[in-house]
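Below is one structure, written out as structure tokens, with a few remarks after it.
There are 2 protein chains.
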Amino acid sequence: MLKPWSEIAPRLVDVAMGRTPADLVIRNGRWVNVYSGEIIPGTDIAISAGRFAYVGPDASHTVGPETKVVDATGRYLVPGLCDGHMHVESGLVTVTEFARAVIPHGTTTMFIDPHEIANVLGLPGVKLMNDEAQSLPINILVQVPSCVPSAPGLERAGAELSADDVRQALSWPNIIGLGEMMNFPGVASNDAKMLAEIAATQAARLTVGGHYASPDLGRAFHAYAAGGPADDHEGTTVDDAIARVRQGMRAMLRLGSAWYDVAAQVKAITERGLDPRNFILCTDDSHSGTLVNDGHMNRVVRHAIAQGLKPVTAIQMATLNTAQHFGLERELGSIAPGRRADLIISSDLAALPVEMVFARGELLAEHGALTAEIPRYAYPDSACNTVRLGKHLEAEDFDIAAPGASEVTARVIGVVENQAPTRALERKLPVKDGIVGMNRADDVCQIALVERHRATGEVVNAFVSGFGYTRDCAMASTVAHDSHHMIVVGTNKRDMALAANRLGEVGGGIVMISEGRELALIELPVAGLMSDERAEIVAGKASRLVEAMRDCGCTLNNAYMQHSLLALVVIPELRISDKGLIDVTRFAETSVLVEE
Amino acid sequence: MLKPWSEIAPRLVDVAMGRTPADLVIRNGRWVNVYSGEIIPGTDIAISAGRFAYVGPDASHTVGPETKVVDATGRYLVPGLCDGHMHVESGLVTVTEFARAVIPHGTTTMFIDPHEIANVLGLPGVKLMNDEAQSLPINILVQVPSCVPSAPGLERAGAELSADDVRQALSWPNIIGLGEMMNFPGVASNDAKMLAEIAATQAARLTVGGHYASPDLGRAFHAYAAGGPADDHEGTTVDDAIARVRQGMRAMLRLGSAWYDVAAQVKAITERGLDPRNFILCTDDSHSGTLVNDGHMNRVVRHAIAQGLKPVTAIQMATLNTAQHFGLERELGSIAPGRRADLIISSDLAALPVEMVFARGELLAEHGALTAEIPRYAYPDSACNTVRLGKHLEAEDFDIAAPGASEVTARVIGVVENQAPTRALERKLPVKDGIVGMNRADDVCQIALVERHRATGEVVNAFVSGFGYTRDCAMASTVAHDSHHMIVVGTNKRDMALAANRLGEVGGGIVMISEGRELALIELPVAGLMSDERAEIVAGKASRLVEAMRDCGCTLNNAYMQHSLLALVVIPELRISDKGLIDVTRFAETSVLVEE
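Chains as they are written, first to last, in my numbering: chain A, 1439 to 2034; chain B, 1439 to 2034.
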């Protein structure tokens, strides 16, 4: 267990003076000094009690008979990388499995917003992930989700967090601030709950995370800044980044599995000459496949350097800048006395191969492989029985009735490739025996939102276009942002019922059924959101799912993400929720069938 | 009374949106943006409730019928300047009078260490200055003095602060951290009290001020950094600055009345290319004359720019960098939404003429003149009756006896011009009637430390050389670092007695007597350290004192400062304390007369 600097200072002083031997000494490396911006060759590091005790030209005097010595001749000593904003749940694995996956990539600190589990399990869910975070050998600081549910009135999630809940959670250990304040219209319109959450965070001297997902840099943007959020990761253009920094917010530049927001925004530094200290790198959302195949923050830093940043500047943006932003500069984010001994050894600053990873002075990974024992983390049953369907679903549960008609005009959710917003389409559809039919030729199939938190047995049915399914099939997922009910999309109602029931059986996840046969399944038993299997295994299952979708005719890029976002009733134009079909341009319910 | 951002955010949001008019709008200035490092022309600022509500291209929508509008066309909008480390007592005036003097120079934030009053009045003295600080319209944040007394065992000051006292004070409002940890050998040797004070400060999430006054950048320096101090203002060379920044400490570059440490150290940025973000400007000690004639932080910023720094970089070093260091970045140090509306309007960034000064949205000064009403601050009687001599002193109290001898060898404190260390000299002196005489021809006169805190009537006598007094005269001062007893230096014992008694009468200060006549007097009734008169008046009296010293033959540069440092028993080689003559090379008492 890491002791605070204040408690261990006498020992660090003794080590620096040579009165007590260090636990670990790393010799003759090139110190990437994120404070001075220098690379300092010939640097020795002495570590004691999990913290840096001495960093300088010669640590010989700290080496005792029991001291472990690592020769780093000519290699770079880089502070452990920090992810300034991210959601573990996006990896479809627990915090433990996420950490196992990213430690070999050199990530030693993550600022996580357990927003998804909060929508399923509420404050107890946040607490579970915060507890798990503290069990791990790297730094995983937790933000309290600010907007649960995302769209009060338009949906009923598994749980709600009140401003009082948020205030309570802010007092827990390991809590670092408020999670992304997504309700930016609420801030600009002085929504009392949103302002109360921000005020509680400021009063606790913690950091208010921002999320301003709008291109409008006028009054609403200025009002948002005046409301208190201290950072934002939703910028996409160079002007977005500049505007945020000018207003005293940190511009968090994001490279996730599906977010590519670094290249454009980093030009604020490389071309427009802004002071880089207020820029931070983050991932926001990484799929297991990205973690397994491409990396994590090392991927982001490498990418940022490839965009023309000086390596030490890019590294500052993933270490010191992040730590300073969260008030943790004296604790982590640099190789300097007193700080947690989190560092990477690498032989190249641009390619950033991660050869050794230490956290709190312990060697955790070498040459891409985890060397530390990190046991599986067991979630309680209460977190693993969250898919409550209330009944066995039948094909008829997905019927959309239009008694007496022979044809109707239906509102259809139009999926747009590579875009989060959907389009509100209208399509003529046939009616047979009083039931509206689909139109596979015109790529119109059914979507259902199956209530899964309270076992009400309710199913909301509507139409969707854009997936391009050509076979009898259905895909169901309990990852259904942000309320995380179950979304089922299918061309065949029997397959839809099978898919939904299957997820009920396994406690949540994602499944693809075709003609009664299960083509792919990712079990996500923890809150219906996360697996406690290895990221490699989950990534493999996710690959099979993508293949299965393709086999059924869906060639959409990131089709699974599109599926899981169709209940996100804060993004225009048309979405589905447990309340019905939602016209997000009006923030109001609408009918599936257009009244003629 | 300024309300916290968290409380006033709804109003700031309303102003930014144009729903509520601003109190003050400043139009069309050039925004010195310390976050981005840019100068942004055509900027409007809207201020409400003492905080910035909107900073951007057009604040028309925030102007209502009652809104005061200031046209700043073409002029620079600079954040109010911050002094990162200083002692108000060095100005010989109260906090209020200090503030009155520096506000017209654009200082709106000071981080003060009331170390001197603490040595006289202890924790209640710190509280008095902290209370006074909070009564003022600018930001005066207080550090709890860490080393009271400076040299336990070698002196008995008016008061002591225990680690528990420090811990208690750290919980007071307006306290920002621990004052300069001067006992750097104590930190390196794991002195329990020093480490306990640092630990208490870290536990309170406050900033530990450093003071590493040694050229040794080896183990002791590294151990000091490992002990926890987060900044240091004692560096003098470029290597000092670089070493501090590399270790994750802020390098505070000092330009005081008698400190000239910016020019050499700023080369770390201008020539060695270090990241400037971890450099901070400060004054440490400013005499009233400097404040009246030369300026305060504007003088430091101007000087830093003259050394080759980009103006915006120098300004960052006196605004954002300072605020970030103390964890106050969201509160002050920039012109950005939510922050205290502290700013300067200036027509030139290099010369930095301070044309208007606003703090918390109020105009406080214009063209060098204070426009705000700042009432005199009354200290309680307990703080104004601190010179307790216990008896009327006579010439005989200054006798140094050597019964039976005709000549002796005496240890003599050798003052060295422009240096703080003294030399331990030995001089042969005549003895008449059993009393050792002085030797004016050889520049050896007497020094006495008169106990003044507990009315013990004790006088410690010794010899000093270097002032060059050629007339019968004596100078006495109750500013006598750090214990602040009374130091009397004289060539004539009757004048010495008169000088000491005069300070007893007026409650402390500095006086020069020659042949029974008072040549100059600065009354410092508050703790014997500070006047509550205007800085101009005190500066005038100080000028007369310097003249009087010259009239008596003393041509030493900064002679008054040399006088007041002769009891500073932490700086080698020879000093005087209430315990006797102190050999600071051995940290032990020694005898005035050398045993032959």
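Just so it is clear, CB atoms sit at the ideal spot from N, CA and C, and this is done for glycine as well. These numbers were taken from a predicted model, which means no experiment stands behind them.
CB contact below 8 angstroms: residue i versus chain B
i: W1443 (chain A); result: yes
i: P1448 (chain A); result: yes
i: I1716 (chain A); result: Sequence check: residue 1716 (chain A) is Asn here, not Ile. Chain B, which has a Cβ nearer than 8 angstroms to the Cβ of N1716 (chain A), makes this yes.
i: R1768 (chain A); result: yes
i: M1455 (chain A); result: yes
i: R1778 (chain A); result: no
i: R1657 (chain A); result: yes
i: Q1640 (chain A); result: yes
i: R1643 (chain A); result: yes
Burial state of residue i (16 or more Cβ within 10 Å)
i: M1794 (chain A); result: buried
i: M1690 (chain B); result: buried
i: Y1698 (chain B); result: exposed
i: A1630 (chain B); result: exposed
i: E2038 (chain B); result: Chain B is shown only over 1439 to 2034; residue 2038 (chain B) falls outside these bounds and no answer can be derived.
i: P1813 (chain A); result: exposed
i: V1888 (chain A); result: buried
i: G1954 (chain B); result: exposed
i: G1842 (chain B); result: exposed
i: V1854 (chain A); result: exposed
i: N1557 (chain A); result: buried
i: Q1685 (chain B); result: buried
Within chain B, the residues that residue i reaches when beta carbons sit closer than 8 angstroms
i: A1980 (chain A); result: Ordered by position in chain B, no residue passes the 8 angstroms Cβ test against A1980 (chain A), which lies about 40 angstroms from the chain.
i: V1700 (chain A); result: Within 8 angstroms Cβ-Cβ: nothing; V1700 (chain A) doesn't reach chain B, min ~18 angstroms.
i: S1389 (chain A); result: No answer is possible for residue 1389 (chain A): it lies beyond the span of chain A, which begins at 1439 and ends at 2034.
i: L1712 (chain A); result: S1474, G1475, E1476
i: A1491 (chain A); result: A1664
Residue-chain proximity (residue i, chain A), Cβ-Cβ < 8 angstroms
i: S2029 (chain B); result: no
i: P1517 (chain B); result: no
i: A1914 (chain B); result: no
i: P1479 (chain B); result: no
i: V1474 (chain B); result: Looking at the sequence provided, one finds Ser at residue 1474 (chain B) rather than Val. At least one chain A Cβ lies under 8 angstroms of S1474 (chain B).
i: N1471 (chain B); result: yes
i: A1668 (chain B); result: yes
i: I1680 (chain B); result: yes
i: H1660 (chain B); result: yes
i: P1775 (chain B); result: yes
i: R1909 (chain B); result: no
i: H1419 (chain B); result: It is not possible to answer for residue 1419 (chain B), since the shown part of chain B is limited to 1439 through 2034.
i: A1637 (chain B); result: yes
Contacts that residue i makes with chain A (C-beta to C-beta distance below 7 angstroms)
i: N1466 (chain B); result: Here the premise fails: no neighbours, minimum Cβ distance about 17 angstroms.
i: D1452 (chain B); result: N1628
Contacts that residue i makes with chain B (C-beta to C-beta distance below 7 angstroms)
i: L1633 (chain A); result: A1447, P1448
i: G1648 (chain A); result: Here the premise fails: no neighbours, minimum Cβ distance about 12 angstroms.
Within chain B, partners of residue i - CB distance below 9 angstroms
i: G1872 (chain A); result: Those do not exist, as G1872 (chain A) stays about 50 angstroms from chain B at its closest Cβ, beyond 9 angstroms.
* Asked: Can you give, in chain order, each stretch of the alpha helix (DSSP H) that sits fully within the segment 1697-1759 of chain A and has at least 4 residues?
  -> 1700-1703, 1705-1708, 1726-1731, 1735-1744, 1749-1754
* Asked: Taking contact to mean at least 3 C-beta pairs separated by less than 8 angstroms, is the segment 1489-1501 of chain B in contact with the segment 1931-1942 of chain B?
  -> no
* Taking three-plus beta-carbon pairs below 8 angstroms as touching, is the segment 1863-1878 of chain B in contact with the segment 1832-1851 of chain B? -> yes
* Asked: Going along the chain, which unbroken runs of the alpha helix (DSSP H) with 4 or more residues stay wholly within the segment 1919-2001 of chain B?
  -> 1931-1944, 1973-1989
* To do: Assess, as a yes-or-no matter, whether the segment 1823-1836 of chain B is touched by the segment 1926-1934 of chain B under the definition of 3 or more beta carbon pairs within less than 8 angstroms.
  => yes
* Asked: Quick check: the segment 1591-1598 of chain B against the segment 1620-1639 of chain B, are there 3 or more CB pairs under 8 angstroms?
  -> no
* beta strand (DSSP E) segments (min. 3 residues) lying fully within the segment 1766-1854 of chain B -> 1781-1784, 1794-1797, 1800-1804, 1845-1852
* To do: Take every Cβ of the segment 1784-1791 of chain B, pair it with every Cβ of the segment 1719-1731 of chain B, and state whether three or more of those distances are shorter than 8 angstroms.
  => no
* Asked: Between the segment 1564-1584 of chain B and the segment 1606-1615 of chain B, do three or more beta carbon pairs fall short of 8 angstroms?
  -> yes
* Asked: Between the segment 1910-1922 of chain B and the segment 1552-1559 of chain B, do three or more beta carbon pairs fall short of 8 angstroms?
  -> yes
* State whether the segment 1471-1491 of chain B contacts the segment 1505-1525 of chain B, with contact taken as three or more CB pairs (one from each stretch) at a distance under 8 angstroms. => yes
* Cβ contact (3+ pairs, closer than 8 angstroms) linking the segment 1792-1807 of chain B and the segment 1528-1535 of chain B -> no
* Mind listing, in chain order, the continuous alpha helix (DSSP H) runs of no fewer than 4 residues lying wholly within the segment 1614-1676 of chain B? => 1622-1626, 1630-1641, 1657-1665
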